[in-house]
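Note that UniProt numbering gives residue 355 to position 355 of the sequence shown, counting from 1, and the numbers run on in steps of one.
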Amino acid sequence: MSNLGESGRSFETVKEDLARSILAAKKPADLIVPLIYSIPVFAPVRICIELGVFEHLSRSSVPLSADTLAKDLCGQTGQDAGNKSETCDFLVRMLRTVQAIGLVDEVAEFTYLANALTHTMAEPGFAAGFQLTFDNLTEPKSTISEMLKYHQANAWQVAASANDGAWQRARNAVGTSTFDSWVADDPIQLTRLNALMQRMQSDRLHWTEWFPENRLFHYAGRNPEQRMVVVDVGGGRGHDIKAFAKKYAQAPVSAILQDLRGTIEEARAEMQAAGIEVCVHDFFQPQPVRGADIYYMHKIMHDWPDEGCVRILEHLRDAMTPRSRILINEVILPNRGCSLLHACFDINMLALHSGRERDEASWERLISQVEGLSIRKFWHAPNDEGEGIVEVGLTNF
């Protein structure tokens, strides 16, 4: 059988031309960033094979919800079904990646249907081949292989603490968070992280370009002539606070960058040249700047499970006045049709830190755990990058 189309071009040639067109249409960074974050993309597939997700969907003629899958498969794998909501949440996170690469169809919010690839992946030979390759390339011990072992041993639920997860099990470091391990034993990882964040942000629409200016300077009737204090909590080398200070250079603003000592020393000269105050601070300790107008955090919350985020937020709450707000600049996941990049962000956070990317419902659940705080509004960036601002204030103010 010929593989030539009506134009005489082979199917392979058409694919190659299409690939070249896609490459030409994108900025190089738009391809490199997904490449960086897609390294653990196969772990959710391996976990879904272990759980029997593909087989279960393949046998069903109707769509199945994540809750139904969790109930059915939790029982089938012999796990305690007492924590179905946590198991369902974990399964949704795996299926975000699986649907993004086309292995299942997401036909409604958190609802899935088998397609041709699902049926093929459910075939014993292909499932065995994936297990063979994945297990032999990632074992005997890696963070990616420990994802399967850890979550299987813990009823397919996420670690409640940042001190015990796949990364810790792979390195015999249970009891210490990934970040604490990096600070103590491998600080080059923090330098690499800060370099990546700074480079990624240079290609993105900065939040100050779309967040309403009147929401910053006229909030709750504040006098716009009064000096505004903005604290960038855990702000790395200061790329965000520097952009803010530059954007509002003519406004009465005091900008403060906070981070751990090593990072602050890397940023000190550049920040001081830009008129930005620097402050060595661990956000798990009481916030030293009291009554700031804005406590800003960019990609901090996704590094921690809810337990860690609650501790960070409680310290900010204790420093706030009625006019203070917390602006959390993070990905806000959609309930349906999550992109592969954002699904991979989530899997990276899970593997490295027992952290997570969050949808609106997850943000609501998190903030509700901090007495005295409430969400004022979700602000979504006017592009397809998925980031937004979760605006948080003191309850009853």
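A virtual CB, placed ideally from N, CA and C, is assigned to each residue, including glycine.
>> Can you tell me whether Thr-111 is helix, strand or coil according to DSSP?
In response: strand
Exercise for the section: For the alpha helix (DSSP H) containing Val-33, list its first residue and its last residue. Expected result: 28 to 37
- For Gly-291, collect the residues of the same chain with a Cβ closer than 6 Å to its Cβ; drop the 5 residues on either side in sequence, then sort them by chain order. Thr-321
TODO: Within 10 angstroms of the Cβ of Ile-188, are there 16 or more other Cβ atoms? Answer buried if so, exposed if not.
DONE: exposed
* Pull up the CB-CB distance for Val-33 and Met-200, whole angstroms please, since I reckon it's below 8 Å. => 6 Å
Could you check what DSSP says for His-342 in three-state terms: helix, strand or coil? helix
(message) Pull the bridge partners of Phe-378 from the DSSP assignment, please.
(response) Val-390
Can you tell me whether residue 398 is buried or exposed? The criterion is at least 16 other CB atoms within 10 Å of its CB, across all chains shown. Any property of residue 398 remains undetermined from this structure, which presents the chain solely from 1 to 397.
Could I get the ranges of all uninterrupted beta strand (DSSP E) runs contained in the UniProt domain "O-methyltransferase C-terminal" (228 to 369), with 3 residues as the minimum, in chain order?
-> 228 to 232, 253 to 259, 277 to 280, 294 to 298, 325 to 333
query = Considering only the beta carbon of each residue, do Pro-40 and Leu-113 sit closer than 8 Å?
reply = no
Item to check | Span of the alpha helix (DSSP H), counted from its first residue to its last, around Ile-47 | outcome: 42 to 51
Q.
Let's test the definition: count the other Cβ atoms within 10 Å of the Cβ of Gly-165 and tell me whether it reaches 16, buried, or not, exposed.
A. buried
Hey, Arg-93 and Asp-346: beta-carbon distance below 8 Å or not?
yes
- Best match in Gly-102, Asp-105, Phe-110 for proximity to Ala-361 [C-alpha to C-alpha]: Phe-110
Label Asn-348 either buried or exposed according to how many other C-beta atoms from any shown protein chain fall within 10 Å of its C-beta, with 16 as the threshold for buried. buried
Next item on the list: Output yes or no for whether 8 Å exceeds the beta carbon distance between Arg-356 and Glu-106.
Entry: no
Worksheet item: What distance in whole Å lies between the Cβ atoms of Tyr-296 and Val-229, which are believed to be in contact at a cut-off of 8 Å?
Response: Not quite, the Cβ-Cβ distance comes to about 11 Å (not below 8 Å), so this is no contact.
Point to revise | Per-residue DSSP class, three states only, for Ser-142 | key: coil
Close-in-space but distant-in-sequence residues of the same chain around Lys-141 (CB under 6 Å, 5 per side omitted) = Ala-170
Query raised in the report: Gly-235 to His-218, Cα distance in whole Å?
Result: 24 Å
(Q) I need the straight-line Cα distance from Ala-274 to Asp-240, nearest angstrom please. (A) 12 Å
Review point. In three-state DSSP terms, what is Leu-373?
Key: strand
From what residue to what residue does the alpha helix (DSSP H) around Ile-188 run? 188 to 202
task: Can you tell me which of the three DSSP states Gly-82 falls into?
output: Model confidence at Gly-82 stands at a pLDDT of 48, short of 50, so the residue's coordinates are unreliable; what they give is reported in the following sentence. Helix at Gly-82.
How big is the Cα-Cα spacing for Asn-194 and Ser-374? 30 Å
**Request:** Taking 8 Å as the threshold, find out whether the region 48 to 68 comes into contact with the region 115 to 132 through three or more Cβ pairs.
**Result:** yes
Using 8 Å as the threshold, is the C-beta distance between Cys-309 and Leu-366 below it?
yes
Within 8 Å, strictly: CB atoms of Phe-378 and Ile-326: no
- Query: Quick one, which of Glu-270, Phe-397, Asn-172, Asp-306 has its alpha-carbon nearest Gln-369's?
  - Reply: Asp-306
Next item on the list: Under 6 Å Cβ to Cβ from Met-271, same chain only, skipping five residues before and after it: list those, please.
Entry: Gly-238, Leu-257, Val-278
query = Rounded to a whole number of angstroms, what is the C-alpha to C-alpha distance between Thr-395 and Leu-316?
reply = 13 Å
> Just how far apart, CA to CA, sit Thr-133 and Ser-145?
Replying inline: 12 Å
Query - Buried versus exposed call for Ser-2 [16 or more other C-beta atoms within 10 Å across all chains shown] - result: Caution is warranted here: a pLDDT of 45 is assigned to Ser-2, below 50, making its placement in the model unreliable, and the coordinate value is therefore given only provisionally. Looking at its Cβ environment, which holds fewer than 16 other Cβ atoms inside 10 Å, Ser-2 is exposed.
request  = Report buried or exposed for Lys-242, applying the criterion of at least 16 other Cβ atoms within 10 angstroms of its Cβ.
outcome  = buried
Taking all protein chains shown into account, decide if Val-98 is buried (16 or more other Cβ within 10 angstroms of its Cβ) or exposed.
buried
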